[in-house]
Amino acid sequence: MPELPEVEVTRLGVAPHLEGRLVDSVLLRRDGLRWPFPPALPGLLAGQRISHTGRRGKYLLIHFGHGTLIIHLGMSGHLRVLPLGTEPKKHDHFDLVVEGQGDAGRQVLRLHDPRRFGAVLWHANDDGDLDQHALLRGLGVEPLEAHFSGELLFRASRGRKAPVKQFLLAGDVVVGVGNIYACESLFRAGINPKTAAGRISRGRYDKLALAIRAILAEAIVQGGSTLRDFIAVNGQSGYFQQSYFVYDREGVPCRNCSAPVRRIVQGQRSTFYCVHCQK
DNA sequence: AAGGTAACCTGACTGC
DNA sequence: TGCAGTCAGGTTACCT
-15 MPELPEVEVT
-5 RLGVAPHLEG
5 RLVDSVLLRR
15 DGLRWPFPPA
25 LPGLLAGQRI
35 SHTGRRGKYL
45 LIHFGHGTLI
55 IHLGMSGHLR
65 VLPLGTEPKK
75 HDHFDLVVEG
85 QGDAGRQVLR
95 LHDPRRFGAV
105 LWHANDDGDL
115 DQHALLRGLG
125 VEPLEAHFSG
135 ELLFRASRGR
145 KAPVKQFLLA
155 GDVVVGVGNI
165 YACESLFRAG
175 INPKTAAGRI
185 SRGRYDKLAL
195 AIRAILAEAI
205 VQGGSTLRDF
215 IAVNGQSGYF
225 QQSYFVYDRE
235 GVPCRNCSAP
245 VRRIVQGQRS
255 TFYCVHCQK
């Protein structure tokens, strides 16, 4: 789960508990997830002050004076802020304990990730620019920033034969749009997900860019989507899934034209769309 | 360069 | 009740 809105909702939720605080300790309960945790992490972070949080695509960033902690939630990860002493559950792999501030006591930022496709990595300032980090280097434009546009999608797609759905998911042109929001955006823009990216007009990309922006922004306001694993930091569920028009609605009447929503597979991922509304 | 596929892993659900 | 099969929000590595 977590696509851009879920990561941003997570960031907004954890930020007040982290920014400006000192790290007490770091606890690693296993060697790593997708990649090994940096073994030196506890020593690198203990006693250091968190300056601010950020996000690049689906990567959550926790910035320190000497470097940045990079967290990815994979398919099934979530972060919670809990009172110190809360018993860890199965699949709780990583704790960042922060000092209290004001009335608040020490708290723990805890990463839970059953499938373990997530990641926790460290980028030291000495290693160069963060945006040149191996995981961030090839990423496309942030869809909620001003320079994201239909023109950008149009230009980047010329000559591409891949279906537009996979073009969006690839992440090298625009970041943060995962399977749910790609399906929903294409529906809103009225574009068939199977259409070759390179054969879509400028005007239709203008519409698609607006749809992507609007849907991501709406999802953030609604607290993201709650599927099997995503729970916001405060334990509340997001409710954007109630707003789905096509995702996970195979066979259900289209909310626009009542034709049954169709499910196909593209690049090993399910795509949901309306044959009537998306040409 | 771009495209296709397998792989990583657990858990929930379905059907027999 | 159990067992096998399918599917799930992501991304990289590797091959054409």
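When we follow the working numbering, the leftmost residue of the first sequence carries the number -15, and every step to the right adds one. Quick reminder that beta carbons are idealized off the backbone N, C-alpha and C, glycines included.
Nearest residue (CA-CA) to residue i, options the options
i: R94; options: T52, S9, C238 and R172; result: S9
i: G134; options: A88, R197 and G4; result: R197
i: E3; options: I34, G(-3) and R14; result: I34
i: R5; options: K178, L80, S169 and L(-12); result: L80
i: G251; options: P147, L194, G102 and I54; result: P147
i: D104; options: P26, A181 and A166; result: Strictly speaking, residue 104 in this sequence is Val, with Asp absent from that position. It is P26 whose Cα lies nearest to the Cα of V104.
i: H56; options: L128, A201 and R39; result: R39
i: A243; options: P98, Q262, V249 and Y228; result: Q262
i: P0; options: D156, H36, L29 and H77; result: H36
Per-residue burial, residue i [other beta carbons within 10 Å of its own, 16 or more giving buried]
i: H50; result: exposed
i: P(-14); result: buried
i: C241; result: exposed
i: D115; result: exposed
i: S185; result: exposed
i: E(-8); result: buried
Inter-residue spacing [alpha-carbon to alpha-carbon] between residue i and residue j
i: Q226; j: G31; result: 43 Å
i: G208; j: R142; result: 32 Å
i: K145; j: G235; result: 29 Å
i: Y43; j: T(-6); result: 11 Å
i: N109; j: F48; result: 9 Å
i: P22; j: L45; result: 16 Å
i: A154; j: R100; result: 21 Å
i: G86; j: F138; result: 51 Å
i: R206; j: E(-10); result: Note on residue identity: the sequence assigns Gln, not Arg, to residue 206. Cα to Cα, Q206 sits roughly 10 Å from E(-10).
i: L120; j: I175; result: 29 Å
i: D113; j: I204; result: 28 Å
i: G16; j: W106; result: 13 Å
i: Q150; j: F256; result: 13 Å
i: M59; j: K74; result: 17 Å
i: P237; j: R18; result: 39 Å
i: R172; j: F132; result: 18 Å
i: V230; j: D190; result: 21 Å
i: L66; j: V92; result: 5 Å
i: L11; j: A118; result: 25 Å
Residue i (DSSP reduced to helix, strand or coil)
i: A180; result: strand
i: G38; result: strand
i: H56; result: strand
i: G122; result: coil
i: I199; result: helix
i: L211; result: Bear in mind that the predicted position of L211 carries a pLDDT of just 44, short of 50, making it too unreliable to give a figure here.
i: H96; result: strand
i: R139; result: helix
i: F78; result: strand
i: T(-6); result: helix
i: A146; result: coil
i: I175; result: coil
i: S242; result: coil
i: D113; result: coil
i: S227; result: helix
i: L153; result: helix
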